[in-house]
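Asker: Sequences listed follow chains A and B, in order.
Residue 262 in the numbering used here sits at position 262 of the first sequence, with consecutive numbering throughout.
Residue 1161 in the numbering used here sits at position 161 of the second sequence, with consecutive numbering throughout.
Idealized CB from N, CA, C, for every residue including glycine.
Below you will find the structure I want to go over with you.
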Amino acid sequence: MKPARFDYVRAETLAEAHAVLASEGGDAIVIAGGQSLVPLLSMRMARPGVLVDIMHVADLGGIVIKDDAIRVGATVRQAQLLAWPELAAHQPLLALALPFIGHAQTRARGTVCGSAALADPSAEIPLALVALGGEIELSAAAGKRQLAAKEFFNGLMSTSRNDDELIEAVHFPRTRPGDGYAFIEFARRHGDFAIVACAAMADAQGVRLAVGGVADFPTARDFGPLDGAALDEAIEDFAFDLEARDDLHANAAYRRELVRQLGRKTIDEARRCRV
Amino acid sequence: MPRLTADRHHRVRFTLNGRPVEGDAEPRMLLTDFLRHVLGQTGTHVGCEHGVCGACTVEIDGAPARACLMLAVQADGMTLRTVEGLAPEPGRLSVLQDAFRRHHALQCGFCTPGILMSLDIYLRGHASPTEAEVRDFLSGHLCRCTGYVPVVAAALDAAAKLREAAGDA
């Protein structure tokens, strides 16, 4: 339970971090809050040649309100976003979902962008990004690009980030008047990884449900104005399309049942919140 | 900052319980091991060593954090408090520690340093917590002896005593 050896670079500028990633690529790992990476190092599931600490790069912090989105910089900790007084006003789904990330003691150090980078299938931040149609801002020495969340998450703990890139920020779309949101998570104990997590967003056009903890990465589907038995049937199809698997925590049939029950409940609640 | 190479020990300096401390660590050394083996501060306990049990919780720059989820080199330049820093003077317990003693909020004591650090920080920012809030905050700690009931009672009692003291001041 001790990490293997690696070099450590505390980057002071973005250029410095980019330079290490450009020259060492896949052998380098960015460390921010470290709340998932350090246990992976300790269990030797991650064995980088060099760690690049970006927490001391000056320009990577900050929660900025843009026209249609909230931009959260790479060094913003989960607790900092949760404590932001304007969070619920600008994006209620985040205010609902963030308290389910780990515990206060890990949210105090874990970063928002770090959670996106890890891409755990049951994590709340990737789920919120997919549910809201958020974007991920990547940068490298060679340049910048911005990807939609559903293109970014592309496999089990896998993303389309290139080895020379780091996440500079993530963008959560802001709420619009009349939008309704709901979030329901099922886990054995508070703070455990979700067995199933559901996020729903309802507007005048219809409703979208995103599910985490079932497929390899969080997945969203639009259900339009469907309601009643037709909605239940559509959620049933969605539950099967997620291709749930058996694991230590729950079997596939149980996960599908959670998607049916909690998915419907989350959608209904999001619609009720549309005032 | 120059690259800290894997095969060497590097000087790490930070403020611990109000005093500057320093020692040498390889980049891979966890903060828990640095506190205990390099600095000899063994009040911080090591339980699961992957961030679940909470026994190693310390204060880093004003917030609670798992010392096992941090590298010693990451802590360079930061301000830390550990359980050794809680008592106001030798032989005198802090309000929270005293409440733990009176309520029998520990048996084996293994989880206690982490719980004390978490609650000490929490009560600073939340003078009048409800039982539900205390329980939610304690969900980041595992205790296999007490069943948590006396821990919650001690936390609420300490909060009341701290409010009283603040009112008198």
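Between which two residues does the alpha helix (DSSP H) carrying B/V1012 extend?
Answerer: Taking the first residue of the second sequence as position 1, residue 1012 of chain B is located at position 12. That residue, B/V1012, is in no alpha helix (DSSP H); its beta strand (DSSP E) goes H1010 to L1016.
Asker: Could you give the first and the last residue of the continuous beta strand (DSSP E) run that contains A/E16?
Answerer: Here residue 16 of chain A is taken as the residue at index 16 of the first sequence, counted from 1. Where A/E16 is concerned, there is no enclosing beta strand (DSSP E), although the alpha helix (DSSP H) it sits in stretches over L14 to E24.
Asker: Just the C-alpha distance for A/D241 and A/V259, rounded to the nearest angstrom, thanks.
Answerer: As a first step, residue 241 of chain A is located in the first sequence; it is residue number 241 there, counting from the start. As a first step, residue 259 of chain A is located in the first sequence; it is residue number 259 there, counting from the start. If you take the alpha carbons of A/D241 and A/V259, they lie about 11 Å apart.
Asker: Going by the CB atoms, is the gap between B/A1158 and B/V1095 shorter than 8 Å?
Answerer: Counted from its first residue, the second sequence places residue 1095 of chain B at position 95. Counted from its first residue, the second sequence places residue 1158 of chain B at position 158. Going by C-beta atoms, B/V1095 is nearer than 8 Å to B/A1158.
Asker: Quick one: which chain B residues come within Cβ less than 8 Å of A/H249?
Answerer: For the purposes of this step, residue 249 of chain A is identified with residue 249 of the first sequence, where counting begins at 1. Neighbours of A/H249 on chain B: none; closest Cβ ~15 Å, over 8 Å.
Asker: Within 10 Å of its beta-carbon, does A/I65 have 16 or more other beta-carbons around it, so buried, or fewer, so exposed?
Answerer: As a first step, residue 65 of chain A is located in the first sequence; it is residue number 65 there, counting from the start. It is exposed - the Cβ of A/I65 has fewer than 16 other Cβ atoms within 10 Å.
Asker: Quick check: what's the CA-CA separation for A/A15 versus A/E24?
Answerer: Here the question's residue 15 of chain A lines up with position 15 in the first sequence. Here the question's residue 24 of chain A lines up with position 24 in the first sequence. The straight-line gap from Cα to Cα measures roughly 14 Å.
Asker: Relative to chain C, which residues along the region 108 to 119 of chain A have a C-beta separation below 7 Å, given in chain order?
Answerer: The displayed structure is made up of protein chains A and B, and chain C is not among them.
Asker: Please return the same chain residues whose Cβ sits closer than 8 Å to the Cβ of A/L81, not counting the five positions on each side in sequence.
Answerer: For this step, residue 81 of chain A is matched to residue 81 along the first sequence. These residues qualify, in order along the chain: I63, V72, L87, L94, L98 and V112.
Asker: Going by C-alpha to C-alpha distance, which of A/M45, A/R176 and A/L147 sits closest to A/L166?
Answerer: Within the first sequence, numbered from 1, the residue matching residue 166 of chain A stands at position 166. Ranking A/M45, A/R176 and A/L147 by Cα distance to A/L166 puts A/L147 first.
Asker: List the residues of chain A that B/P1064 touches, going by C-beta distances under 7 Å, in chain order.
Answerer: Within the second sequence, residue 1064 of chain B is the residue found at index 64, counting from 1. Within 7 Å Cβ-Cβ: A104, Q105 and A108.
Asker: Please compile the residues from chain B whose C-beta is within a distance smaller than 7 Å of the C-beta of A/Q35.
Answerer: To locate residue 35 of chain A, count along the first sequence from 1; it is residue 35. Per Cβ cutoff of 7 Å: G1051 and L1069.
Asker: Residues of the region 1099 to 1125 of chain B in Cβ contact with chain A at a cutoff of 7 Å, in chain order, please.
Answerer: Flagged, chain order: S1118.
Asker: If you run the structure through DSSP and keep just helix, strand and coil, what is A/D7?
Answerer: To locate residue 7 of chain A, count along the first sequence from 1; it is residue 7. Residue state, collapsed to three classes: strand.
Asker: A/H190 versus chain B: which residues are under 8 Å apart at the beta carbon?
Answerer: Locating residue 190 of chain A in the first sequence gives position 190, counting from the first residue. Per Cβ cutoff of 8 Å: D1136 and S1139.
Asker: Could you tell me how far apart the beta carbons of A/G228 and A/R109 are, in whole angstroms, since I believe they sit closer than 8 Å?
Answerer: Position 228 of the first sequence, counted from the first residue, corresponds to residue 228 of chain A. Position 109 of the first sequence, counted from the first residue, corresponds to residue 109 of chain A. About 45 Å; that fails the 8 Å criterion.
Asker: Please list, in chain order, the residues of the region 1006 to 1018 of chain B that have any C-beta partner in chain A closer than 9 Å.
Answerer: So the close ones are A1006, D1007 and H1010.
Asker: Where does the unbroken beta strand (DSSP E) through A/M201 begin, and where does it stop?
Answerer: The count along the first sequence starts at 1 and reaches residue 201 of chain A at position 201. From DSSP, the beta strand (DSSP E) with A/M201 extends over V196 to A202.
Asker: Give me the Cα-Cα distance between B/C1056 and B/V1012, rounded to the nearest whole angstrom.
Answerer: In the second sequence, residue 1056 of chain B corresponds to position 56, counting from 1. In the second sequence, residue 1012 of chain B corresponds to position 12, counting from 1. Distance between the alpha carbons of B/C1056 and B/V1012: 19 Å.
Asker: Are the Cβ atoms of B/T1082 and B/L1035 separated by less than 8 Å?
Answerer: Locating residue 1082 of chain B in the second sequence gives position 82, where the first residue counts as 1. Locating residue 1035 of chain B in the second sequence gives position 35, where the first residue counts as 1. Against a cut-off of 8 Å, the Cβ pair of B/L1035 and B/T1082 comes out as a contact.
Asker: Identify which residue in A/A79, A/C273, A/A197 and A/D237 has its Cα closest to the Cα of A/D120.
Answerer: As a working mapping, residue 120 of chain A is identified with position 120 in the first sequence. The shortest C-alpha separation from A/D120 is found at A/A197.
Asker: Mind checking A/R277: buried by the 16 CB within 10 Å criterion, or exposed?
Answerer: Given a span of 1 to 275 for chain A in the structure shown, any question on residue 277 of chain A remains unanswerable.
Asker: Just to make sure I have the definition right: I need the residues of chain A whose C-beta is within less than 7 Å of the C-beta of B/P1150. Which are they?
Answerer: Indexing the second sequence from 1 puts residue 1150 of chain B at position 150. Under the 7 Å cutoff, chain A gives no residues; its nearest Cβ is about 20 Å from B/P1150.
Asker: How should B/G1077 be labelled, buried or exposed, when 16 other C-beta atoms within 10 angstroms of its C-beta is the threshold for buried?
Answerer: Counting from 1 along the second sequence, the entry for residue 1077 of chain B is found at position 77. Looking at its Cβ environment, which holds fewer than 16 other Cβ atoms inside 10 Å, B/G1077 is exposed.
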